[in-house]
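Enquirer:
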Amino acid sequence: MVGNDGQTVMNVVVFRVLACFVALLALCGEALAAGIEDIRVVGNGTPTRVTIWADAPVTHQQFLSGDTTSHAIIIAMPGADWRRAEPTGRGMGGVDQFEWLDGQLTLKLDRPMMIARALDLPPAGSEPRHRIILDLETVSPVRFARAATPHAQAYAAAYNDSILSPPRPEPRRAVARNADNRFTIVIDPGHGGKDPGAAHHNALEKEIVLKSATTLKSMLEKDRRYDVRLTRTDDRFIELEDRVTLARDWGADLFISIHADAAGSPSVAGASVYTISQRGEARIDREARRNDWSLPIEDGGSREVGGILTDLLKRETKTKSSEFAELLIPELAEVGPVLRNTHRNAGFYVLLAPDVPAVLVEIGFLTNAGDARRLKSRSGRNNAMKAIRRAIDSYFDKQSVLLAEN
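Going by my numbering, the residue at position 294 of the sequence shown is 280; the numbering climbs one at a time, nothing skipped.
In structure tokens form, the structure reads like this:
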């Protein structure tokens, strides 16, 4: 617990740090001018993710604005300009609406929220643009108001120095989120090429899962909310680390690896869903360093604080993966047999992304005659993919329900 004197000292220190950063913004703003191309807000407050796309690196700093009853977050990006026709939009998960004006983005909140972590991502893979990712966590009104005090002082100093423009007195008309702001789902057909996977009852796993993944992609693309990618579209082998890297480069909101199982006993049948195990979690940091998956978290603090935020992000990813698995299991049970203890944990490589919710789905056992017959048939595969699609819809529908309630 911090007393009043201690809180005052903390406020002064935070104010000085922010003021110094503001001064740097003034010096660097023109040199780092960038065009803001798009903004997307998704989530439910635990967390809510704000993604900002730009055509060049963006110098930015965040300020809390408000008190115990009103709440906003101002993201200052001096020198940047807005490339789209409508500089306002609706958010979700606590962000009632956002507004761009003269080098700053204002997130108008319907609840007290703070930035838990901020990521700066350079162009990678098929994503040619720079991205700023801010994860917002819901906090108590008192905590927000206490933290907002030094931010308000730094913001006022920046405004007085004409670095930032004053807030617009009347909010602009809010518009619906752009249709291009879709959830990205990456579907990974296991094996392929030199790696056939399981081979029983005249069925090859690599062929079964590719047909299944292609079917699921077609189903999902009928919903304009989704941008669907496949890690492979033909009979080729993709290294495991490349599958994870593709999902991260594409900015995946959900990763689903599809497999068909094999067992020593032909009586074993049914689907199962895997999420990352504790033993698998121990591999994440090592593989992240080896494959350059490290998260460039910017919290303005020490390396220790950055490590804590990284751990929180990994924990959140694991939670989201389990949430989707729990939605998926009853859907699979509706269309075919499932294993006892259907939700399982393992250290599969494709589950190691530190920041992408991921599951591996075994849609049946090719060593079981009934499962093999079901998965070789188009109707059997379609039913399994419809079950996965319903779970995906439920997973992302939660965002819309929360927005409607707010």
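Even glycine gets a Cβ: it sits at the ideal position worked out from N, Cα and C.
Here the structure is a predicted model, which is why all the values come from computation and not from measurement.
Would you list, in sequence order, the uninterrupted beta strand (DSSP E) runs of no fewer than 3 residues that lie entirely inside the segment 79 to 155?
Expert: Qualifying beta strand (DSSP E) stretches, in chain order: 81 to 87, 90 to 95, 99 to 107, 116 to 124.
Enquirer: Find out if the Cβ-Cβ distance for the pair valine 172, phenylalanine 130 is shorter than 8 Å.
Expert: Not a contact, by the Cβ cut-off of 8 Å.
Enquirer: Assuming alanine 248 and leucine 352 are in contact, meaning their beta carbons sit under 8 Å apart, how far apart are those beta carbons, in whole angstroms?
Expert: Correct: roughly 6 Å between the Cβ atoms.
Enquirer: Lysine 197 and aspartate 181 - do their beta-carbons sit closer together than 8 Å?
Expert: Cβ atoms of aspartate 181 and lysine 197: not closer than 8 Å.
Enquirer: Would you identify the three-state DSSP class for valine 345, choosing helix, strand or coil?
Expert: Note: valine 345 maps to strand in three-state DSSP.
Enquirer: Cβ of histidine 245 within 8 Å of Cβ of valine 347?
Expert: A contact, by the Cβ cut-off of 8 Å.
Enquirer: Where does threonine 37 sit, in a helix, a strand or coil, going by DSSP?
Expert: Three-state DSSP puts threonine 37 in a strand.
Enquirer: List the whole-angstrom C-beta distance separating histidine 116 from valine 28, where the pair is believed to meet the contact cut-off of C-beta under 8 Å.
Expert: About 19 Å; that fails the 8 Å criterion.
Enquirer: For the alpha helix (DSSP H) that glutamate 227 lies in, which residues bound it at each end?
Expert: Here the alpha helix (DSSP H) through glutamate 227 covers 226 to 235.
Enquirer: Starting from the Cα of leucine 299, find the closest Cα among Glu113, Arg360, Pro340, Val81 and give me that residue.
Expert: Out of Glu113, Arg360, Pro340, Val81, Pro340 has the C-alpha closest to the C-alpha of leucine 299.
Enquirer: So, does the segment 330 to 340 touch the segment 84 to 101, judging by three or more C-beta pairs under 8 Å?
Expert: The segment 330 to 340 vs the segment 84 to 101: no contact.
Enquirer: Helix, strand or coil: how does DSSP classify leucine 314 here?
Expert: Residue state, collapsed to three classes: helix.
Enquirer: Expressed to the nearest angstrom, what Euclidean distance is found between the alpha-carbon atoms of arginine 330 and arginine 367?
Expert: Near 22 Å, if we compare the C-alpha coordinates of arginine 367 and arginine 330.
Enquirer: What residue from Gly183, Leu295, Gln264, Ala257 has the CA that sits closest to leucine 314's CA?
Expert: The shortest C-alpha separation from leucine 314 is found at Ala257.
Enquirer: Tell me whether alanine 268 is buried or exposed, calling it buried when 16 or more other Cβ atoms sit within 10 Å of its Cβ.
Expert: Classification of alanine 268: exposed, given that the 10 Å Cβ count is below 16.
Enquirer: List the whole-angstrom C-beta distance separating leucine 202 from isoleucine 374, where the pair is believed to meet the contact cut-off of C-beta under 8 Å.
Expert: Leucine 202 to isoleucine 374, Cβ: 6 Å. Contact.
Enquirer: From what residue to what residue does the alpha helix (DSSP H) around alanine 355 run?
Expert: 355 to 362 is the span of the alpha helix (DSSP H), which, as asked, contains alanine 355.
Enquirer: Can you find the residues in the same chain that come closer than 7 Å, C-beta to C-beta, to alanine 17, ignoring five residues on each side of it along the sequence?
Expert: Any reading at alanine 17 needs caution, since the residue's pLDDT is 41, under 50, leaving its predicted position unreliable; the model's value is listed next. So no residue of the chain qualifies.
Enquirer: Can you look up serine 258 in the DSSP assignment and give me helix, strand or coil?
Expert: Three-state DSSP puts serine 258 in a strand.
Enquirer: In the DSSP assignment, find the unbroken beta strand (DSSP E) run with leucine 325 in it and report its ends.
Expert: First-last of the beta strand (DSSP E) with leucine 325: 324 to 332.
Enquirer: Measuring alpha carbon to alpha carbon, tell me which of Lys372, Ala344, Ser363, Leu295 ends up nearest glutamate 320.
Expert: Per the Cα distances, Lys372.
Enquirer: With a threshold of 16 other CB atoms inside 10 Å of the CB of phenylalanine 393, please say whether the residue is buried or exposed.
Expert: The structure shown does not extend to residue 393, since the chain spans only -13 to 392, so no value can be given for it.
Enquirer: Would you mind stating whether leucine 206 and valine 214 have Cβ atoms separated by less than 8 Å?
Expert: For leucine 206 and valine 214, yes; Cβs fall inside 8 Å.
Enquirer: Taking Cβ to Cβ, would you say isoleucine 60 is nearer than 8 Å to threonine 34?
Expert: Contact: no.
Enquirer: Skipping 5 residues on each side, what residues in its chain have a beta carbon closer than 6 Å to that of valine 222?
Expert: Looking at the sequence provided, one finds arginine at residue 222 rather than valine. Excluding positions up to five away in sequence, the list reads Gly178, Gly179.
Enquirer: Contact check, methionine 63 vs glycine 21 under 8 Å by CB: the rounded distance?
Expert: Methionine 63 to glycine 21, Cβ: 11 Å. No contact.
Enquirer: Ignore the nearest five residues each way along the sequence and tell me which others in leucine 226's own chain have a CB closer than 7 Å to its CB.
Expert: Within the same chain, leucine 226 has close Cβ partners Tyr335, Val336.
Enquirer: Just list the residues that DSSP pairs histidine 245 with in beta bridges.
Expert: Partner(s): Glu348.
Enquirer: For alanine 233, is the classification buried or exposed, using 16 other Cβ atoms within 10 angstroms of its Cβ as the cut-off for buried?
Expert: Classification for alanine 233: buried.
Enquirer: Bridge partners of valine 44, per DSSP?
Expert: Paired residue(s): none; valine 44 is not in a bridge.
Enquirer: List the residues that DSSP assigns as beta-bridge partners of valine 27.
Expert: According to DSSP, valine 27 bridges with Val36.
Enquirer: Exposed or buried, valine 128, counting other C-beta atoms within 10 Å across all chains shown (16 or more means buried)?
Expert: Exposed.
Enquirer: If we call anything under 8 Å between Cβ atoms a contact, is valine 345 one with threonine 261?
Expert: Taking 8 Å as the Cβ cut-off, valine 345 and threonine 261 qualify as a contacting pair.
Enquirer: Taking the alpha-carbon of valine 259 as reference, which of Ile294, Asp228, Pro323 has the nearest alpha-carbon?
Expert: Residue Pro323 is the option with its Cα nearest to valine 259.
Enquirer: Can you tell me whether arginine 215 is helix, strand or coil according to DSSP?
Expert: Strand, per DSSP.
Enquirer: In chain order, what residues of the same chain have a beta carbon less than 6 Å from the beta carbon of isoleucine 378, not counting five sequence neighbours either side?
Expert: Once the five neighbours on either side are set aside, isoleucine 378 has no close Cβ partner at all.
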